[in-house]
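Report on the following structure.
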Amino acid sequence: MRINTIAILAVLLSSLNINGQTRSIYGRVISEYLEPLPGVHIENSYNVLFGKTDMDGLFKISIPQETDSLLFGYVGMEWTDIRLKKDCDTVEVVMIYDGTYDFMSFKKIDRIRKKRFDELPNIHSDALEKGLFTTKTICYEREFKPDKPKLDVIRKELKELNKTNKNDFEDLNIGDIVKIPFGIDSSEKRVRTTYAPCRSCTEEDYDYLIEGEIVNKQTEKLTLDIKITEMHPYDSLEYRGKILNVGSDFKYEMKYFEVIIDK
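Counting from 39, one number per residue, gives the positions in the sequence shown under the numbering used here.
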């Protein structure tokens, strides 16, 4: 009876050990210009950090057996999302720079990004030849994700915000008193901004406010020239290298940012 009990316990412990197992992933992360990237964040799809690359772009992490994808994040680079295959233990990744594409359509931007993405297997081969990588075959899957759908949504939101703010701008007159919100929008947990848009917020939702009288209006960028009459809760504020306080002149662009208007 005792032997049977021990056998059952051994089976249970073995089962628990299997279910709780992790797998080790080794690898390296470089840029598309064959530069090792130090300090790359390696996370799962829930943004749980597994580790970072060292000064040579090398890493070793332990992940749960059920984890089948990894995210690589680095300042100035596009996020890299890969799906691991069953026996994929050596992961060598080429990250693409997050480029600036001025005066281009979203379609053209994605065409350029796709062309760079399609070069990744060739860059992997170059890295292998130069001794940066050790594996000839890429053992994970990686899909190109166009930015256009996401950028279209942002453009639509900005267009609607611009339209609303333009109507507000036209309703304002010289001599009107307005309040300009700065800082964190606590209602939506936004990070600190130069000044923050929030159509449903009140002055209590922000870190501080500038209150002032409109002395002039310029339709370009929906600009208000304001003479500051009050500041809450601080007496002064540094803005674009200039110290603002009561009595200061202040230009405020309403194109994408609202004001709080007392009716």
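Ideal Cβ positions, reconstructed from N, Cα and C, are used throughout, including at glycine.
DSSP beta-bridge partners of residue i
i    : result
H79  : K90, G111
L282 : L275
A121 : Before going on, a small fix: residue 121 reads as Arg here, not Ala. Answer is S107, E179.
K217 : E249, I298
K133 : Residue 133 is actually Met in this sequence, not Lys. Its beta-bridge partners are S69.
L166 : Answer is none; L166 lacks a bridge partner.
L158 : Answer by DSSP bridge pairing: none, since L158 is not bridged.
L96  : R66
D263 : N254, K289
I328 : Here the chain comprises residues numbered 39 to 301, so residue 328 is not present and cannot be evaluated.
T60  : P102
Alpha carbon of residue i to alpha carbon of residue j, nearest angstrom
i    : j    : result
E181 : S83  : 15 Å
L96  : N205 : 54 Å
T172 : V113 : 25 Å
P159 : K90  : 23 Å
D148 : I176 : 24 Å
K289 : I68  : 44 Å
I150 : G137 : 10 Å
Y64  : F207 : 57 Å
D106 : I264 : 55 Å
V78  : F110 : 6 Å
I252 : I215 : 6 Å
L122 : I80  : 13 Å
S62  : I99  : 6 Å
Y71  : M115 : 12 Å
S143 : Y272 : 43 Å
H270 : I218 : 10 Å
E179 : E198 : 38 Å
K259 : V86  : 41 Å
F295 : L210 : 15 Å
K186 : E291 : 27 Å
G285 : I266 : 5 Å
V132 : I120 : 11 Å
E130 : R66  : 5 Å
T88  : T202 : First, the amino acid is wrong: residue 88 is Phe here, not Thr. Looking at the two C-alpha atoms, the distance is approximately 44 Å.
Q103 : T118 : 21 Å
R154 : I161 : 10 Å
Q256 : L282 : 21 Å
D92  : I212 : 58 Å
As assigned by DSSP and simplified to three states, the class of residue i
i    : result
T172 : coil
P184 : coil
H287 : As written in the sequence, residue 287 is Asp, which differs from the His given in the question. Three-state result, D287: strand.
E305 : Any answer about residue 305 is impossible in this case: the structure gives the chain only from 39 up to 301.
S225 : Annotation note: pLDDT 46 at S225 (below 50); position unreliable, no value reported.
D254 : In the sequence as displayed, the identity of residue 254 is Asn instead of Asp. Three-state result, N254: strand.
I150 : helix
K293 : coil
D127 : coil
T202 : helix
Y233 : With a pLDDT of only 47 at Y233, under the threshold of 50, the placement of this residue in the model should not be trusted; the figure read from the coordinates follows. Coil, per DSSP.
Checklist entry - Any contact of the segment 272 to 285 with the segment 243 to 259, i.e. 3+ C-beta pairs under 8 Å? => result With the cut-off at 8 Å, the segment 272 to 285 and the segment 243 to 259 touch.
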